[in-house]
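K.L.:
Under the numbering used here, the first residue of the sequence shown is numbered 31, with each subsequent residue one higher. Beta carbons are placed, not taken as given, at the ideal position from N, Cα and C, and that holds for glycine.
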Amino acid sequence: MGERFLVVPVDGGVGVARDGEHDPAPDTGGGGGGGGSSSSSSEGVTVEEKEAGEDSVFEPQDPNAVVPILEYNREPNKYGDGVPKENSPFINNTDNDKGNSYDGTNMALFEEEMDSNPMVSSLLNKLANYTNLTQGAQEHEEADDDEGPKKKAVKSPQMGTFMGVYLPCLQNILGVILFLRLTWIVGTAGILESLAIVCLCCSCTMLTAISMSAIATNGVVPAGGSYYMISRSLGPEFGGAVGLCFYLGTTFAGSMYILGTIEILLTYIVPKAAIFVAERKEDEVNALLNNMRVYGTCCLALMSVVVFVGVKYVNKLALVFLACVILSIFAIYAGVIKSIFEPPDFPVCMLGNRTLQNHNFDSCLKTVVIDNVTVTTKLWKLFCDGPELNATCNDYFVQNNVTEVQGIPGLASGVISENLWSEYGPLGMLVENKKLPSLGEGDSAQDIYMPYVVNDITTFFTLLVGIYFPSVTGIMAGSNRSGDLRDAQKSIPIGTILAIATTSFIYVTCVILFGGCIEGVLLRDKFGDAVKGNLVIGTLSWPSPWVIVIGSFFSCCGAGLQSLTGAPRLLQAIARDGIVPFLQVFGHGKANGEPTWALLLTAGICEIGILIASLDAVAPILSMFFLMCYLFVNLACAVQTLLRTPNWRPRFKYYHWALSFLGMSLCLALMFICSWYYAIVAMAIATCIYKYIEYRGAEKEWGDGIRGLSLNAARYALIRLEEAPPHTKNWRPQLLVLLNVDSDQGVKHPRLLSLTTQLKAGKGLTIAGNVLEGTYLTRDAEAKRAEQNIKSAMSAERTKGFCHVVVSSNLRDGVSHLIQSAGLGGMKHNTVLMAWPGNWRQSNDHQSWKNFIETVRETTATHHALLVAKNVDSFPTNQERLAEGTIDVWWVVHDGGMLMLLPFLLRQHKVWRKCKMRIFTVAQMDDNSIQMKKDLQVFLYHLRLDAEVEVVEMHDNDISAFTYEKTLVMEQRSQMLKQMQLSRTEREREAQLIHDRNTASHAAINDKAGAGPDRVHMTWTKDKLFTERNRNREYNANVAVRDMFNMKPEWESLNQSNVRRMHTAVKMNEVVVNKSQGAHLVLLNMPGPPRNRGGDENYMEFLEVLLEGLNRVLLVRGGGREVITIYS
């Protein structure tokens, strides 16, 4: 049972047994071959043998499909959400085991669990055979070989630490900068500052490698390497941003390697192949750049074709390219050792203390004596206007002698002391040896036309850091090959850290040896002009400079091909993850998986770097992107370590969060040291990608560290919030929105969510709550569907918040539970928003309006504010823009300032922005209305609110006959529904008749008391109702005294408290309709329900009368605390 084996798809259902075990029993149930899905196999087979047979044979339905156990699949849409899914053998993964039956008796107690929870033996069996090998791209040749249904078995990854990690890292780290720029950096910065640059950059990569090792050994790393590690540790937003930065860095690295290849080709191998030739010395730089652009573009096109046709050849040539690098380095060390005993002969011609370009002359002499005749040399002609001895010559040439110094004096010469210090200078500065004598200053205007060696760019310390840093990148090469490693968790840390240690040693020793062997003026000669155009590092090597030239050429070619191979695959992995929607097209490729579209984009971006044409200008760009990638690797390790998440258990133990923070700080510092403006641009690009993914990207849950950090921060903030209630200045409505759903669990009033969005503008807490009647065990599916529908509605209405669906035995208790328990800690709602039950009169179930009133009581008891929206379906959507109008506030009783605050919050939203705010308050007979208006204006001024103020006087008029009749009808209806035990049909008919009488009551004031409801046949429109009501009120005002003495007998028995309340409702409604009928929204104090529950239905009637004739109304009931203040 302990042996490891791999699943091999078979043809025709032939079983494949493990080594050393017999074939399982043949299939007898016709279940399709020897698969383990047959439940009628022989009882003589033991459980162990049966399980072995089931687990070791897998026959897919399609005989051409290769399906290994626990295949890691990166297809974006196979599982619906685009998440690369690992077919884990843990709980709830029964896709491949649905047919497996359990017929043992010794575990019968757990047999009902077998569908969802596998047996431990099966779990361990699958884990032992886990492979993280991906189904990657096939080559054309391999695809052609696979004829018929037979497929090759999935090979187990066999690479060890040395071949799989150490050598690839060496190949990627050592490269173009070492051969083309390190000598120049040493000469310009001096040995000490060069060592500082090397140590700074190598420390950064070593700290990053430690962090990367911790992440890479924290579980199985599928092929995908650095991008996979960062995205799964820091989440999709950071993962996408950093993944694309890493992709851009790799792409620009390709540009740099191609430019290095062309520079070696045109400068050192075949200089005569240049298309653009400078006629004047000052045009040489531009001519070189144009040559680089033309040849670089051709080289890019050629390399892209090679990558497109066959990556297999690139991978096979990788070892050849690596051999070139290693041979070149050995040649350098051999040359250093030889220079101790026999320095190579590379003389440098000096005029005074100035270095001369040795291209157009043979001897470093002004004149030579041939047959006793003094003859001028070619050097003379470069500084004089003719070959004659009396020709006019350059003043500096006349005053100074020509001398030769040895370019490679050797390690024993003591030249190391002269090269310790830096020699920075501006563009065009002459390369000079300060020890040699120099007479005269020379004419700087003429010097640029002379064959002197000069600085081609302005040099300073931070520039050299940016140019050098690419030479330490490439540390991710091992983790990128994680799918090919025998033991990735062991190989990645050891191989990467050893590679960095080796390359750091090479760089440090090269800095010291270059400074100790080569003359300073030759070190500062970037292109080797002083030694007849030889590569400076090549002059030191043994046996020949061509070893280095050819080796570096092939090294740069190989590195460029590797970049063009790796970058498209990285982009394809990001695209297939589905986190950046506009990159989806780059997830597609050829039939064998080759990323064709990604290769085209990579080549296009690479061309941008080639058009820049200068190696020194491209190097800092890719430094930025790599540094950003390394920064986030360190951040990922630090976050995971500090959070101590239970899943953070790296096998690599030599890490610490302080080291990760140090590495992160070093990366950030290096970014701004290299180039502060490039750093800002790179960070802006990463930020834009982050925000785009956050805004438009697919939802992912990768268990990342940033989510853990958010949870920790949220927990800390909630604990802090609970220490004290919020100050009035910080008060804002935290809404619990009570939604109703229909029979299909669809949201009934989505405009409630629109109002929420307009009221909140994305700020504060929003909880959308809903109650389903029943038990959770029977209605869990409906609850989940309702929750999904509510979330969809919230998304459609752009309401940011949470959803909470409760299943309760009755609606009343469910709403109560929501009001009491929604939210967490200090993040709880303080306001309840609900819709007015518009059809409560026609409702068969009187419990609906009783629930509404109980909710009002509950919010009062829990000190929550309450907002009730009447005619909520007529409220504007988020896409509407209301024309100029008013939001009218009727401030009758003080409720803590809610009525003032809500219009202000609404007007922050673009839907209500053009609306003006009007505040109406009610004055009684003994109030000074003029003074009230002044006081209210001052109050609003201190509150910093812009609003019109109006005081409405309500006189104590006699109670009209209309009010009495309204109250009478209300009480009659209430009594009838309570006392008469009617059937449902009869109750509906009776309620409708009473409603008709209620509507037409003012027309029947002078009718006889015996006029029954069956005689009412009028249909009243709203306009008719208002006209008739106003006519009767005018009449009643004139005959008020007569009405008092001619009261109908049934009026005397009315509850006078109800009469007074109805009178208030009628008068208030009359005033509000008169002033605010045309307003876009009316906000009104909501009166509280009666203490005596017997009058609940009357309370609903009062509110109906109060709101009659108004379109959009928001009833507001304060929570018992001040929510607005005049203080700062």
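(1) Do the stretch 1119–1137 and the stretch 902–910 make contact, defined as three or more Cβ pairs closer than 8 Å?
(2) According to DSSP, simplified to helix, strand and coil, what is His-170?
(3) Quick check on Leu-28: does DSSP put it in helix, strand or coil?
(4) Assuming Trp-942 and Gln-788 form a contact by the criterion Cβ under 8 Å, report the distance between their Cβ atoms to the nearest whole angstrom.
(5) Round the Cβ separation of Leu-1113 and Trp-879 to the nearest angstrom and send it over; I've been treating them as touching at under 8 Å.
(6) Can you tell me which of Ala-529, Ile-524, Ala-518 puts its alpha carbon nearest to the alpha carbon of Thr-503?
(7) In chain order, what residues of the same chain have a beta carbon less than 7 Å from the beta carbon of Gly-831, not counting five sequence neighbours either side?
(8) Which whole-angstrom value describes the C-beta separation of Asn-449 and Gly-545, a residue pair presumed to lie in contact below a C-beta threshold of 8 Å?
(9) Exposed or buried, Gly-590, counting other C-beta atoms within 10 Å across all chains shown (16 or more means buried)?
(10) Compute the Euclidean distance between the alpha carbons of Tyr-196 and Ile-524, then round it to the nearest angstrom.
(11) Have a look at Gly-568 and Leu-515 and give me their C-alpha separation to the nearest angstrom.
(12) For Thr-191, which residues of its own chain have a beta-carbon under 6 Å away from its beta-carbon, when the five flanking residues on both sides are left out?
(13) Does the stretch 604–615 touch the stretch 639–659, meaning 3 or more C-beta pairs lie closer than 8 Å?
(14) With a threshold of 7 Å on Cβ separation, who are the neighbours of Thr-280 within its own chain once the five nearest residues in sequence on each side are excluded?
(15) Using a 10 Å radius around the Cβ and a threshold of 16 neighbouring Cβ atoms, would you call His-1093 buried or exposed?
(16) Along the chain, which unbroken stretches of the beta strand (DSSP E) at least 3 residues long are found entirely within the stretch 843–909?
(17) Give the straight-line distance between the Cα atoms of Gln-938 and Lys-944, rounded to the nearest whole angstrom.
(18) Kindly indicate which three-state DSSP category Trp-627 falls into: helix, strand or coil?
(19) For Leu-469 and Phe-391, what's the separation of their Cα atoms in angstroms?
(20) Hey, quick one: how far does the alpha helix (DSSP H) through His-972 stretch, first residue to last?
(21) Ignoring anything shorter than 4 residues, give me the alpha helix (DSSP H) runs that lie fully in the stretch 218–267, in order along the chain.
(22) Alpha carbon to alpha carbon, how far is Glu-978 from Leu-970?
(23) At 4 residues or longer, and completely inside the stretch 429–495: list those alpha helix (DSSP H) runs for me, N to C.
(24) Quick one: is Phe-351 buried, meaning 16 or more other Cβ sit within 10 Å of its Cβ, or exposed?
(25) May I ask you to report which of helix, strand or coil DSSP gives Ser-644?
(26) So, helix, strand or coil for Glu-314, using DSSP?
(27) How many angstroms separate the CA atom of Pro-933 from the CA atom of Asp-976?
(28) Give the C-beta separation of Thr-238 and Asn-664 to the nearest angstrom, bearing in mind that I take them to be a contact with Cβ-Cβ under 8 Å.
(29) Pick from Ser-224, Val-1135, Leu-1145: whose alpha carbon is nearest that of Thr-539?
(30) Can you look up Asp-918 in the DSSP assignment and give me helix, strand or coil?
(31) Rounded to whole angstroms, what is the Cα-Cα separation between Leu-696 and Val-1146?
(32) Using a threshold of 6 Å, is the CB atom of Gly-205 nearer than that to any non-hydrogen atom of the ligand SAM?
(33) Determine, using beta-carbon pairs with one atom in the stretch 374–386 and one in the stretch 290–309, whether at least three such pairs fall under 8 Å.
(34) What does a CB cutoff of less than 6 Å around Leu-1140 pick up in its chain, not counting 5 residues either side in sequence?
(35) Select from Ser-443, Phe-490, Pro-439, Thr-433 the residue whose C-alpha is nearest the C-alpha of Glu-462.
(36) My output table needs one value for Cys-697: the three-state DSSP class, helix, strand or coil.
P.N.:
Let me lay it out:
(1) By the criterion of at least three beta-carbon pairs nearer than 8 Å, the stretch 1119–1137 is not in contact with the stretch 902–910.
(2) The residue labelled residue 170 in the question sits at position 140 within the sequence shown. Note that His-170 scores a pLDDT of 38, beneath 50, so its modelled location is shaky; the value from the coordinates is reported in the next line. In the structure shown, His-170 adopts helical secondary structure according to DSSP, grouped into three states.
(3) Nothing about residue 28 can be reported from this structure: the residues present for the chain run from 31 to 1158 only.
(4) Numbered from its first residue, the sequence shown carries residue 942 at position 912. Numbered from its first residue, the sequence shown carries residue 788 at position 758. That belief holds up - the Cβ atoms of Trp-942 and Gln-788 are roughly 6 Å apart, short of 8 Å.
(5) Along the sequence shown, read from residue 1 onward, the residue named residue 1113 stands at position 1083. Along the sequence shown, read from residue 1 onward, the residue named residue 879 stands at position 849. No, Leu-1113 and Trp-879 are not in contact; Cβ-Cβ is about 22 Å, not under 8 Å.
(6) As a position in the sequence shown, residue 503 is number 473, starting the count at 1. Cα-wise, what sits closest to Thr-503 is Ala-529.
(7) Reading the sequence shown from its first residue, position 801 is the one you call residue 831. Result list for Gly-831: Leu-795, Thr-796, Ile-797, Ala-798, Met-824, in chain order.
(8) Taking the sequence shown and counting its residues from 1, one reaches residue 449 at position 419. Taking the sequence shown and counting its residues from 1, one reaches residue 545 at position 515. With a Cβ gap of about 4 Å, Asn-449 and Gly-545 count as contacting.
(9) Indexing the sequence shown from 1 puts residue 590 at position 560. Classification for Gly-590: buried.
(10) Within the sequence shown, residue 196 is the residue found at index 166, counting from 1. Within the sequence shown, residue 524 is the residue found at index 494, counting from 1. Spanning the two alpha carbons is a distance of roughly 8 Å.
(11) One-based indexing of the sequence shown puts residue 568 at position 538. One-based indexing of the sequence shown puts residue 515 at position 485. Gly-568 and Leu-515 have their C-alpha atoms some 36 Å from each other.
(12) Mapped onto the sequence shown, residue 191 falls at position 161. Excluding positions up to five away in sequence, the list reads Ser-521, Ile-524, Gly-525.
(13) They do not touch, by the three-pair rule.
(14) Residue 280 sits at position 250 when you count from the first residue of the sequence shown. Cβ-Cβ distances below 7 Å link Thr-280 to Ser-593, Gly-596, Ala-597, Leu-600 in the same chain, with the five nearest sequence neighbours on each side left out; the list follows chain order.
(15) Along the sequence shown, one-based indexing puts residue 1093 at 1063. Buried, by the Cβ-count rule.
(16) Runs of the beta strand (DSSP E) inside the stretch 843–909: 861–865, 895–900.
(17) Translated into positions along the sequence shown, residue 938 becomes position 908. Translated into positions along the sequence shown, residue 944 becomes position 914. Their Cα atoms are separated by approximately 10 Å.
(18) What you label residue 627 is simply residue 597 of the sequence shown in a count that begins at 1. Of the three classes helix, strand and coil, the one that applies to Trp-627 here is helix, per DSSP.
(19) The count along the sequence shown starts at 1 and reaches residue 469 at position 439. The count along the sequence shown starts at 1 and reaches residue 391 at position 361. Leu-469 and Phe-391: Cα-Cα distance of roughly 23 Å.
(20) For the purposes of this step, residue 972 is identified with residue 942 of the sequence shown, where counting begins at 1. According to the DSSP assignment, His-972 belongs to the alpha helix (DSSP H) that extends over 959–972.
(21) Runs of the alpha helix (DSSP H) lying entirely within the stretch 218–267 and spanning at least 4 residues: none are present.
(22) Your numbering for residue 978 matches position 948 in the sequence shown. Your numbering for residue 970 matches position 940 in the sequence shown. Taking the straight line from one Cα to the other gives about 10 Å.
(23) Segments of the alpha helix (DSSP H) lying fully in the stretch 429–495: 474–477.
(24) By 1-based counting over the sequence shown, the position of residue 351 is 321. When all chains shown are included, Phe-351 counts as buried.
(25) Within the sequence shown, numbered from 1, the residue matching residue 644 stands at position 614. Ser-644: coil per DSSP, three-state reduction.
(26) In the sequence shown, residue 314 corresponds to position 284, counting from 1. Assigned with DSSP and collapsed to three states, Glu-314 falls in helix.
(27) The sequence position of residue 933 within the sequence shown is 903, counting from 1. The sequence position of residue 976 within the sequence shown is 946, counting from 1. Roughly 10 Å between the two C-alpha positions.
(28) The sequence position of residue 238 within the sequence shown is 208, counting from 1. The sequence position of residue 664 within the sequence shown is 634, counting from 1. Confirmed, about 6 Å.
(29) Your numbering for residue 539 matches position 509 in the sequence shown. Across the set Ser-224, Val-1135, Leu-1145, the C-alpha of Ser-224 shows the shortest separation from the C-alpha of Thr-539.
(30) The residue you call residue 918 lines up with position 888 of the sequence shown. In the structure shown, the three-state DSSP call for Asp-918 is strand.
(31) Counted from its first residue, the sequence shown places residue 696 at position 666. Counted from its first residue, the sequence shown places residue 1146 at position 1116. Their Cα atoms are separated by approximately 56 Å.
(32) The ligand SAM is not part of this structure, which contains no ligands at all.
(33) Too few Cβ pairs lie closer than 8 Å, so no.
(34) Here residue 1140 refers to the residue found at position 1110 of the sequence shown. If you ignore the 5 residues before and after Leu-1140, its C-beta comes within less than 6 Å of the C-beta of Val-1112, all in its own chain and listed in chain order.
(35) Here residue 462 refers to the residue found at position 432 of the sequence shown. Nearest of Ser-443, Phe-490, Pro-439, Thr-433 to Glu-462, Cα basis: Thr-433.
(36) Indexing the sequence shown from 1 puts residue 697 at position 667. Reduced to three states, the DSSP call for Cys-697 is helix.
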